[in-house]
Amino acid sequence: MKLSILLIYTGGTIGMVRDKITGVLHPFDFENLLQQIPQLQKIEANIDTISVDNPKDSATMRPGDWQELGQLIFENYNKYAGFVVLHGTDTMAYTTSALSFMFSNLGKPIIFTGSQLPIGDVRTDAMENVLTAMQLALLQDGVNSLIKEVCLYFGGQLFRGNSVTKISSEDFNAFASPKNLVLATSNIKLKVNKSLLLDTKKALEFNPHLEDSVFVYKIHPAISRVQLEQICDFINFKVLILETYGSGTMFLEDWFVNNLQKLIDKGILVINVSQCVFGSVDVLYSASKYLVDRGVVNSGSMTLETVIAKSMHLLGKKMKNEEFKSEFLANFAGELS
Ligand code: ASP
3 MKLSILLIYT GGTIGMVRDK ITGVLHPFDF ENLLQQIPQL QKIEANIDTI SVDNPKDSAT
63 MRPGDWQELG QLIFENYNKY AGFVVLHGTD TMAYTTSALS FMFSNLGKPI IFTGSQLPIG
123 DVRTDAMENV LTAMQLALLQ DGVNSLIKEV CLYFGGQLFR GNSVTKISSE DFNAFASPKN
183 LVLATSNIKL KVNKSLLLDT KKALEFNPHL EDSVFVYKIH PAISRVQLEQ ICDFINFKVL
243 ILETYGSGTM FLEDWFVNNL QKLIDKGILV INVSQCVFGS VDVLYSASKY LVDRGVVNSG
303 SMTLETVIAK SMHLLGKKMK NEEFKSEFLA NFAGELS
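Here it is in structure tokens:
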């Protein structure tokens, strides 16, 4: 029996056309997109297609779009063996992170992909990305799907959805997973690193609730006291994500520390994420030890995209701060491995 896959179009460069006069890219009709990939007919599967109501450049996506997409997949979950989502590259890693927390105990693959060049361009990278994402979604382990998690396939590599980040606006290899291993590679052979894949027998849970009361603040040597005080006094947030240096360090002048302490005393959760592409937040220096002692939460090896999405997911569960902290440090969907 042929397996069925739902191919979902959300927008992005993959489905855009170039305006002949201005050269600017804008979204076009999904039906045309399918005509551009005749090889899909050669794949041994029933492929149904659907587009979200309003396909868009992923730069304009908001958490409501993640929820709409999650809902669409949840409503179709029992009808398909897997899902392939076509998505713009700019915010794809945010969407994959968010969906990896919305769906717990997945028994099927949700594989995102897109392209750097529109599907109609002669040198497009879309064909390989879509066709391989489709083949990965169809891989079986006995009677079950081999891949049972949210992933992102791009440029020959399959990444865990909550461990991936966009690293290039030009290369066909636009994504990387610097803090986690790649789940599969596509060369002459499709090689899947089975020992890394998530596997659960538990029942699926879908929780689309998200709260966006999250603020990201990048530490840099020129931060001024006035600026920090204004942020602390006027911006409303429940989680402050500090993008720190190296293994989680930052300067510790009194005015800075006191403002941070005031936030912590008010019940604001402060999370430490490193600006470094490789490595993780670790208590190696007094500057990071100081933060931990005051209750700042270390994000370990999680990407910024994942820290944002996980925080929004946990805030959506309306839990107390202590519970938030222990859930945040727990491994939900492979984000800490
Ligand atoms: N701006 C586009 C988007 O994210 C870029 C792309 O798809 O590659 O939708």
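Counting from 1 along the sequence shown, just add 2 to a position and that's the residue number in this note's numbering.
All C-beta atoms in this analysis are idealised placements derived from N, C-alpha and C, irrespective of residue type, glycine included.
- Hey, out of Ser106, Thr126, Glu307, Met252, whose CA is closest to Ala335's CA? When each option's Cα is compared against that of Ala335, the closest is Ser106.
- Message: Are there any heavy atoms of the ligand ASP lying less than 8 Å away from the beta-carbon of Lys58, as far as the coordinates show?
- Response: For Lys58, the shortest C-beta to heavy atom distance toward the ligand ASP is below 8 Å.
- Any non-hydrogen atom of the ligand ASP closer than 8 Å to Ala61 Cβ: In this structure, Ala61 has its beta carbon less than 8 Å from a heavy atom of the ligand ASP.
- Task: Could you check the C-alpha separation between Met321 and Val241 for me, to the nearest Å?
- Result: Take the alpha-carbon of Met321 and the one of Val241: they are about 13 Å apart.
- Query: Can you find at least 3 beta carbon pairs, one from the segment 279-295 and one from the segment 192-202, that sit closer than 8 Å?
  - Reply: They do not touch, by the three-pair rule.
- Examine the ligand ASP and report whether any of its heavy atoms sits within less than 8 Å of the Cβ of Ile16. The closest heavy atom of the ligand ASP lies less than 8 Å from the beta carbon of Ile16.
- By a C-beta neighbour count over all protein chains shown, 10 Å radius and 16 as the cutoff for buried, is Pro223 buried or exposed? Pro223 sits exposed, since fewer than 16 C-beta atoms from the chains shown fall within 10 Å of its C-beta.
- Task: Grab the span of the beta strand (DSSP E) containing Ala242 for me, first residue to last.
- Result: The identity of residue 242 in the sequence shown is Leu, whereas the question assumes Ala. Start and end: 241-246.
- Taking 8 Å as the cut-off, is the CB of Met94 close to at least one heavy atom of the ligand ASP? The closest heavy atom of the ligand ASP lies less than 8 Å from the beta carbon of Met94.
- Message: Assuming Thr134 is part of the alpha helix (DSSP H), what are its boundary residues?
- Response: Taken as a continuous stretch (DSSP letters only), the alpha helix (DSSP H) holding Thr134 covers 128-140.
- What residues in its chain sit with their C-beta under 8 Å from that of Val309, if we drop five residues either side in the sequence? So the list reads Ile243, Ile273, Val275, Ser301, once near-sequence residues are dropped.
- Would you say Val145 faces chain D, with C-beta separation under 9 Å as the test? No chain D is present in this structure, which holds just one protein chain.
- Between Met252, Lys204, Thr246, Leu262, which lies nearest to Leu230 when the distance is taken from Cα to Cα? Of Met252, Lys204, Thr246, Leu262, the residue nearest in Cα terms is Leu262.
- Item | Same chain, Cβ closer than 7 Å to Gly248, neighbours up to 5 away in sequence not counted | Counting only Cβ-Cβ distances below 7 Å, and skipping sequence neighbours, we find Ser276, Cys278.
- Item | Where the beta strand (DSSP E) through Cys153 begins and ends | Residues 152-156.
- Query: Anyone know if the C-beta pair for Thr126 and Leu71 falls short of 9 Å?
  - Reply: No, they are not a contact pair.
- Query: Are Ser60 and Thr98 close, meaning C-beta to C-beta below 9 Å?
  - Reply: It is not a contact, given that the beta carbons lie outside the stated cut-off.
- Contact check, Ser171 vs Tyr82, beta carbons under 9 Å: Taking 9 Å as the Cβ cut-off, Ser171 and Tyr82 do not qualify as a contacting pair.
- Just mark Asn146 as buried or exposed, buried being the case when its beta carbon has 16 or more other beta carbons within 10 Å. Around the beta carbon of Asn146, fewer than 16 other beta carbons lie within 10 angstroms, which makes this residue exposed.
- Pairing CB atoms from the segment 173-188 with CB atoms from the segment 145-161, are three or more of them under 8 Å? Taking a cut-off of 8 Å on C-beta distances, the segment 173-188 touches the segment 145-161, as three or more cross pairs fall below it.
- Would you kindly report the start and end of the unbroken beta strand (DSSP E) that includes Phe114? For Phe114, the enclosing beta strand (DSSP E) begins and ends at 112-115.
- Query: Going by the CB atoms, is the gap between Asn56 and Leu8 shorter than 9 Å?
  - Reply: For Leu8 and Asn56, no; Cβs fall outside 9 Å.
- Query: Is any heavy atom in the ligand ASP found nearer than 8 Å to the beta carbon of Thr51?
  - Reply: Outside the cutoff, so no.
- Query: Does the beta-carbon of Ala205 have 16 or more other beta-carbons within 10 angstroms, so that it is buried, or is it exposed?
  - Reply: Ala205 counts as exposed, since fewer than 16 other C-beta atoms from the protein chains shown sit within 10 angstroms of its C-beta.
- Measure the beta-carbon distance from Phe330 to Val299 and round it to whole angstroms, keeping in mind my assumption that it falls under 8 Å. The pair is a contact, with the Cβ atoms about 6 Å apart (cut-off 8 Å).
- Query: Can you round the beta-carbon distance between Thr115 and Leu88 to whole angstroms, since I take them to be within the 8 Å contact cut?
  - Reply: The distance from the Cβ of Thr115 to that of Leu88 is about 7 Å, consistent with a contact at the 8 Å cut-off.
- Item | Exposure of Ile49, with buried meaning 16 or more beta-carbon neighbours within 10 Å | Answer is buried; the Cβ neighbour count reaches 16.
- Task: Kindly give me the distance between the Cβ atoms of Lys220 and Glu255, rounded to whole angstroms, as I take these residues to be in contact under 8 Å.
- Result: About 17 Å separates the beta carbons of Lys220 and Glu255, which is beyond the 8 Å limit, so they are not a contact pair.
- Residues near Asp173 by beta carbon distance below 8 Å, same chain, minus five either side: A distance below 8 Å between beta-carbons, with the five flanking residues on each side excluded, links Asp173 to the following residues of its chain, in chain order: Gln118, Gly157.
- Message: Buried or exposed, going by whether 16 or more other CB atoms sit within 10 Å of the CB of Thr202?
- Response: Exposed is the call here.
- Cβ neighbours of Lys4 in the same chain (closer than 7 Å, five flanking residues each side left out): Taken in chain order, the residues that qualify are Glu46, Ala47, Asn48.
- Query: Grouping DSSP H, G and I as helix and E and B as strand, with all else coil, what is His315?
  - Reply: In the structure shown, His315 sits in a helix (DSSP, three-state: H, G or I).
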